[in-house]
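For the record, the sequence lines run as chains A and B. Per our numbering, the very first residue in the first sequence carries number 468; after that it's consecutive. Per our numbering, the very first residue in the second sequence carries number 468; after that it's consecutive. Some notes on the structure that comes next.
Protein chains: 2
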Amino acid sequence: MSAPKVLALTGGVGGAKLGLGLAHCLPSENLAFVVNTGDDFEHLGLPISPDLDTLLYTLAGEVHEDQGWGRRDETWTVLNTLERLGGASWFRLGDKDLALHLRRRETLASGARLTQAMALLGDAFSVPFPLLPMSDDPVRTVLTTREFGRLPFQSYFVRERCAPTVQAIAYEGAGAAGLSPEVAAALADPALDLIVLCPSNPYLSIAPLLAIPPLRKALERRRVPAVAVCPLVGGAAVKGPTAKLMDELHVPRTPASIARYYGGVIDGLILDEQDRSHADAVRAEGVTPDVAPTVMLTLGDKITLAQRTLAFGETLRG
Amino acid sequence: MSAPKVLALTGGVGGAKLGLGLAHCLPSENLAFVVNTGDDFEHLGLPISPDLDTLLYTLAGEVHEDQGWGRRDETWTVLNTLERLGGASWFRLGDKDLALHLRRRETLASGARLTQAMALLGDAFSVPFPLLPMSDDPVRTVLTTREFGRLPFQSYFVRERCAPTVQAIAYEGAGAAGLSPEVAAALADPALDLIVLCPSNPYLSIAPLLAIPPLRKALERRRVPAVAVCPLVGGAAVKGPTAKLMDELHVPRTPASIARYYGGVIDGLILDEQDRSHADAVRAEGVTPDVAPTVMLTLGDKITLAQRTLAFGETLRG
């Protein structure tokens, strides 16, 4: 059997882990990524794309392994100096990371679309897989919080460390955002075999993609199976505020809630072994469950989960 | 005798050396600088002010002593990484220097004028002397060269290392540039005793100041002596393209040429000891000559020349 052709939808750290696993299982022409840009923002005059960069650094082998984002062997001279000069230092930009943002700014300023800027950066890092922004139009995730009112994503996520209580989430600009030619082509690719929703935060990382009408429509009208990996393990998130957010949004912290949230855009959901008892509830949502170890600590874990995801997709393709 | 109150007009490295000497001779309330911004440009999206920064770093004791500009103990992680990513690296921005430009960008983006941004940076570096941009309006020195046609200053100076043959120099924007309230107040200060034109390149560093009509007018109508330090020593420049430029502009490389160029805005010119024989020619231009060692290698040299400059001003004040 030849390798399937896969389109992976992903956000930050968790998604990048499965992305790395998939990258080890598939030849470069068989894997493309569509990446959340709802976390993007401008900081210090630079265009920052956290999820795209986390995936880029991960696939390039340049990611800081312990934290899951940013570059390994990073230095902090600029930020430390900026701090001494009274500048904004709450968003931790390392020296090497800063160089990437400067390069992206330079590329965008020359008239390139974000998709083109990322293609150039992917080449510079010898990453052979297309890392496609979900749209070249700006989409900004904004949270309504009890403590601060309206908070742009990074102010919530980094500056306030997800502490504020979230009352609502908006994906500003999503309704008017279009598909880039590259994303449109990837979705319409007749050779496509499988769509994977990586185990990123559904509300913060995958929801912005689904809030773009032509992207949601393309997923709803898919002619290939779509499989998600559940980001919850035993009612908790491996990383990040998914579980806290579900409580605040009054959603039960169960795989069935994830299945319901992804209703219409997935056919199958991979649950962690700990959540085996939730399989029937997932099936009740009209989604086929599969059970596997989903916690990815080692590269081996990532590859194993990627293989399992591809195999599950194969069974759904029937 | 109490210390005189001095306004020093300056450009880059040579001017900053005398500036440091003056800073050692005068209390902070008796010395202010008006600094060339004709070399300023935007690079990598950041506002770069080379002459202001050279003076700032010099007065703060942070300058790279050997090269005379940039910061000592500098690191180059960002630029080296940017270079590997295919970005522009011809303009050498160190990591610490970059932090300054990011901070200035942040300040300007919040609505501050350049003068205010420099005041904030001066405070951050504990420099007690006002470092006033010659104008808050943009002025850009542009050279017409035989080899490249029109060249913005930094492209000529840094990228092409002053190699192109200069046919003409323009100070774009100078005709429409206004005085900041701070420069206007410094020029009109009734307590002012002396104006010093530092030994910077007359055509590239001081000329942009003189090209601003209200600044030239204020200098022409001065009620205190103005003294320049000749940037030539034995027909050569201590640093930079002054002598080469004079040849290309068909101006004899003599102190008298400098006296003539500064006609109407100086009363006295300090010549180097090597140029003692040119004193009469300077006097013939209507400018009082003084002779002193002008090459500043050590801090002692700088202080000695500053003392000599202040004493010369005192004799001209009569």
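Note that the Cβ used here is the ideal one computed from N, Cα and C, for glycine as well.
Item                                                                                                                                                                                  : Value
Name the residue from A:N547, A:R607, A:L618, A:V501 whose alpha carbon lies nearest to the alpha carbon of A:A651.                                                                   : A:V501
Provide the residue span of the beta strand (DSSP E) that contains B:F508, from first to last.                                                                                        : 508-510
Over the uninterrupted beta strand (DSSP E) stretch that includes A:T477, give me the two end residues.                                                                               : 473-477
Check whether the Cβ atoms of A:G478 and A:S667 sit closer than 7 Å, and answer yes or no.                                                                                            : yes
Could you check what DSSP says for A:A555 in three-state terms: helix, strand or coil?                                                                                                : coil
When you check each C-beta in the region 573-588 of chain A against every C-beta of chain B, which residues fall closer than 8 Å?                                                     : E573, A576, L587, L588
Report the CB separation of A:L646 from A:S577 in whole angstroms; it is logged as a contact under 8 Å.                                                                               : So it is not a contact: roughly 23 Å between Cβ atoms.
May I have the straight-line CA-CA distance separating A:G730 from A:A490, to the nearest angstrom?                                                                                   : 27 Å
Three Cβ pairs or more, each shorter than 8 Å: is that satisfied between the region 696-716 of chain A and the region 754-768 of chain A?                                             : yes
Return the CA-CA distance between A:E649 and B:T521, expressed in angstroms with no decimal places.                                                                                   : 47 Å
Buried or exposed for B:E573, please, with buried defined as at least 16 other CB atoms from any protein chain shown within 10 angstroms of its CB.                                   : buried
Find the residues of chain A that neighbour B:T771, judging by a C-beta separation of less than 7 Å, and give them in chain order.                                                    : Near B:T771 there are no residues of chain A at all, since even the closest Cβ is about 33 Å away, more than 7 Å.
How big is the Cα-Cα spacing for B:A746 and A:W557?                                                                                                                                   : 59 Å
For B:V749, which of helix, strand or coil comes out of DSSP?                                                                                                                         : helix
Evaluate B:H568 with the Cβ neighbour count: other Cβ atoms within 10 Å of its Cβ, from every protein chain shown; 16 or more gives buried, anything less gives exposed.              : buried
Let me know if B:Q621 comes out buried or exposed under the rule of 16 or more other beta-carbons within 10 Å of its beta-carbon.                                                     : buried
For B:R466, which beta-bridge partners are listed by DSSP?                                                                                                                            : The question about residue 466 of chain B has no answer here: the residues shown for chain B are numbered 468 through 785.
Tell me whether B:D562 sits in a helix, a strand or coil according to DSSP, three-state version.                                                                                      : helix
Between B:E627 and B:V606, which are expected to be in contact by the criterion C-beta below 8 Å, what is the C-beta distance as a whole number of angstroms?                         : About 21 Å; that fails the 8 Å criterion.
Measuring straight from C-alpha to C-alpha, what distance separates B:G486 and B:L476?                                                                                                : 9 Å
Taking contact to mean 3 or more Cβ pairs, one atom from each stretch, closer than 8 Å, check whether the region 668-676 of chain A and the region 739-756 of chain A are in contact. : no
DSSP on A:L598, reduced to helix/strand/coil?                                                                                                                                         : strand
Would you mind listing the beta strand (DSSP E) stretches within the region 616-697 of chain B that are 3+ residues and don't spill past its ends, in chain order?                    : 616-619, 633-639, 661-664, 693-696
Measuring alpha carbon to alpha carbon, tell me which of B:L565, B:T525, B:V545 ends up nearest A:D564.                                                                               : B:V545
Where do the N-terminal and C-terminal ends of the beta strand (DSSP E) with A:G735 fall, by residue?                                                                                 : 735-739
Using a Cβ-Cβ cut-off of 7 Å (strictly less than) and excluding sequence neighbours within five positions of B:I733, which residues of its own chain qualify?                         : L664, A693, V694, A695, V754
What does B:A555 reach in chain A if we use C-beta pairs closer than 7 Å?                                                                                                             : E573
Under a Cβ-count criterion, where at least 16 other Cβ atoms within 10 Å of its own Cβ denotes burial, should B:A566 be classed as buried or exposed?                                 : buried
Who are the near neighbours of B:A822 in its chain, counting only those whose CB is closer than 8 Å to its CB and skipping five residues on each side?                                : No statement about residue 822 of chain B is possible, as the shown extent of chain B runs from 468 to 785 and does not include it.
Identify whether A:T755 lies in helix, strand or coil by the three-state DSSP scheme.                                                                                                 : strand
Look at the Cβ atom of A:R538, then the Cβ atom of A:E532, and state whether they are nearer than 7 Å.                                                                                : no
Counting only the same chain and skipping the five closest in sequence on each side, list residues whose C-beta sits under 7 Å from that of A:S619.                                   : Ser is not the amino acid found at residue 619 of chain A; the sequence shown has Pro there. So the qualifying residues of the chain are F508, R607, V609.
Who are A:L498's beta bridge partners in DSSP?                                                                                                                                        : A:V473
Which stretch, first to last residue, makes up the beta strand (DSSP E) that contains A:L513?                                                                                         : 513-515
Are the beta-carbon atoms belonging to A:L519 and A:L575 less than 7 Å from one another?                                                                                              : no
Cβ closer than 9 Å: which chain B residues qualify as neighbours of A:G512?                                                                                                           : G512, L513, L569, R572, E573, A576
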